[in-house]
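Q:
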Amino acid sequence: MGRSMDEPAISAAVDAIERIVGYRFVDTALLEAALTHPSATEGVSARNNYERLEFLGDAVLSLVIVETVFLRFPQMPEGDMTKLKIGLVAGTTQAQIAEEIGLGEMILFGDSVKGPADRGRASALENAFEALIGAIYVDGGLATTREVVSRAYGDRIRFDFRAISEHPKSELQELAQASGLAPEYSIVETSGPPHDATFTAQVSIDGTVLGQGVGRSKKEAEMAAAAQALEVYKTK
Numbered sequence: 003m004g005r006s007m008d009e010p011a012i013s014a015a016v017d018a019i020e021r022i023v024g025y026r027f028v029d030t031a032l033l034e035a036a037l038t039h040p041s042a043t044e045g046v047s048a049r050n051n052y053e054r055l056e057f058l059g060d061a062v063l064s065l066v067i068v069e070t071v072f073l074r075f076p077q078m079p080e081g082d083m084t085k086l087k088i089g090l091v092a093g094t095t096q097a098q099i100a101e102e103i104g105l106g107e108m109i110l111f112g113d114s115v116k117g118p119a120d121r122g123r124a125s126a127l128e129n130a131f132e133a134l135i136g137a138i139y140v141d142g143g144l145a146t147t148r149e150v151v152s153r154a155y156g157d158r159i160r161f162d163f164r165a166i167s168e169h170p171k172s173e174l175q176e177l178a179q180a181s182g183l184a185p186e187y188s189i190v191e192t193s194g195p196p197h198d199a200t201f202t203a204q205v206s207i208d209g210t211v212l213g214q215g216v217g218r219s220k221k222e223a224e225m226a227a228a229a230q231a232l233e234v235y236k237t238k
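Residue numbers for the sequence shown follow the numbering used here, beginning at 3 and rising by one.
#1: What is the DSSP secondary structure of S188, counted as helix, strand or coil?
#2: Leaving aside the five residues before and after A36 along the sequence, list all residues of the same chain whose C-beta is less than 6 Å from its C-beta, in chain order.
#3: In its own chain, which residues sit with a C-beta less than 7 Å from the C-beta of T147, not counting the 5 before and 5 after it?
#4: Under 6 Å Cβ to Cβ from A229, same chain only, skipping five residues before and after it: list those, please.
#5: Can you give me the start and stop residues for the alpha helix (DSSP H) that G81 sits inside?
#6: Taking the straight line between their C-alpha atoms, what separation do you get for K221 and T192?
#7: Going by C-alpha distance, which of I99, E128 and E20 is nearest G156?
#8: Could you pull the DSSP bridge partners for A203 from this structure?
#9: Relative to the C-alpha of M83, which residue among Q96, E69, G93 and G142 is closest?
#10: To the nearest angstrom, how far is the alpha carbon of T210 from that of G142?
#11: Given this structure, state the Cα-to-Cα distance separating E34 from G194, to the nearest angstrom.
#12: Provide the residue span of the alpha helix (DSSP H) that contains Q179, from first to last.
#13: For V241, count neighbouring C-beta atoms within 10 Å of its own C-beta (all shown protein chains included) and say buried if the count is 16 or more, exposed if not.
#14: Do you know offhand how far A199's Cα is from E101's?
#15: Residue range of the alpha helix (DSSP H) that I2 falls in?
#16: Closest by CA to P76, which one among I109, F161 and V151?
#17: Taking DSSP's pairing of strands, which residues face T210 in a bridge?
#18: Going straight from the alpha carbon of A254 to that of F72, what length do you get?
#19: Hey, could you find the ends of the alpha helix (DSSP H) Y235 is sitting in?
#20: Is R74 near I189, with beta carbons less than 8 Å apart?
Here you go:
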């Protein structure tokens with residue numbers, strides 16, 4: 003994930019993101035900062051990485067999403083608007099959108115985190131996406147930001163949208179407990195050598211299997227199974 007620090011890569015990333023989001027920056031330094039992880043600017047001003055823009059973008063994105071939901075669904079009660087807003091601005095949603103637009107390959111990392119594993123990828127994607135929104139707001143204003151957010155989110159802004167859960171096992175537990183039930187997990191298959199095993203887990207509620215997942219650890223497999231079960235259980 004990400005790029006090493008060199009000017010051609012930065013220029014190519016700027017051009018690519020501008021084409022993807024459909025907005026041409028007046029001040030490309032803002033976009034460059036939005037694509038720069040703090041590790042790439044150690045010992046340098048925070049103006050040169052995405053932290054400050056992320057702070058601004060978080061607030062701007064919330065405003066745009068709340069305004070959009072308010073205007074698009076005039077009959078939606080406050081409680082439902084809150085739930086929808088939470089799902090739309092969730093870190094998992096932002097990371098998914100950032101992945102879709104190719105932001106992960108554009109983020110500039112420093113030597114200390116070259117070649118990072120998946121751990122921390124979602125966080126970097128979320129932060130860079132918020133920073134991108136902040137940069138567009140500073141450079142092009144609120145109206146332009148609304149347009150970009152609308153294109154980036156696409157059909158996600160709908161009354162029945164649900165974010166991918168960051169804690170599927172906990173969420174499934176809470177939903178089941180509301181009906182006086184509890185999820186039960188089991189490892190149904192283990193394959194591969196002990197040092198590189200793959201596990202398959204199933205989760206059932208009240209005797210019915212609702213989800214199955216695969217992972218490199220039992221915990222990972224159970225989380226994948228819980229995520230699948232959530233989609234089934236919420237429609238029951």
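Just so you know, even glycine gets a beta-carbon here, dropped at the ideal spot from N, CA and C.
From a predicted model like this one, the values you see are computed outputs, not experimental measurements.
A: Looking at the coordinates:
#1: Of the three classes helix, strand and coil, the one that applies to S188 here is strand, per DSSP.
#2: Hits under 6 Å: Y52, L55, A133, L134 and A137.
#3: Taking T147 as the centre and dropping the five residues before and after it, the same chain places the C-beta of V62, V66, I135, I138 and Y139 closer than 7 Å to its C-beta, in chain order.
#4: Excluding residues within five positions, the ones whose Cβ falls inside 6 Å are P170.
#5: Unbroken alpha helix (DSSP H) run through G81: E80 to V91.
#6: K221 and T192: Cα-Cα distance of roughly 13 Å.
#7: The shortest C-alpha separation from G156 is found at I99.
#8: Assignment of beta-bridge partners to A203 by DSSP yields I189 and G215.
#9: The option with the nearest alpha carbon to M83 is E69.
#10: Between T210 and G142, the C-alpha separation is close to 52 Å.
#11: Approximately 43 Å between the Cα atoms of the pair.
#12: Its alpha helix (DSSP H) spans residues P170 to Q179.
#13: No answer is possible for residue 241: the residues shown for the chain start at 3 and end at 238.
#14: Cα to Cα, A199 sits roughly 28 Å from E101.
#15: For the chain, the structure presents residues 3 to 238; residue 2 sits outside this window and is missing.
#16: Nearest of I109, F161 and V151 to P76, Cα basis: F161.
#17: DSSP output for T210 lists I207 as bridge partner(s).
#18: In this structure the chain extends from 3 to 238, so residue 254 is not present and cannot be described.
#19: Unbroken alpha helix (DSSP H) run through Y235: K220 to Y235.
#20: Annotated as distal: R74 and I189, with beta-carbon spacing of 8 Å or more.
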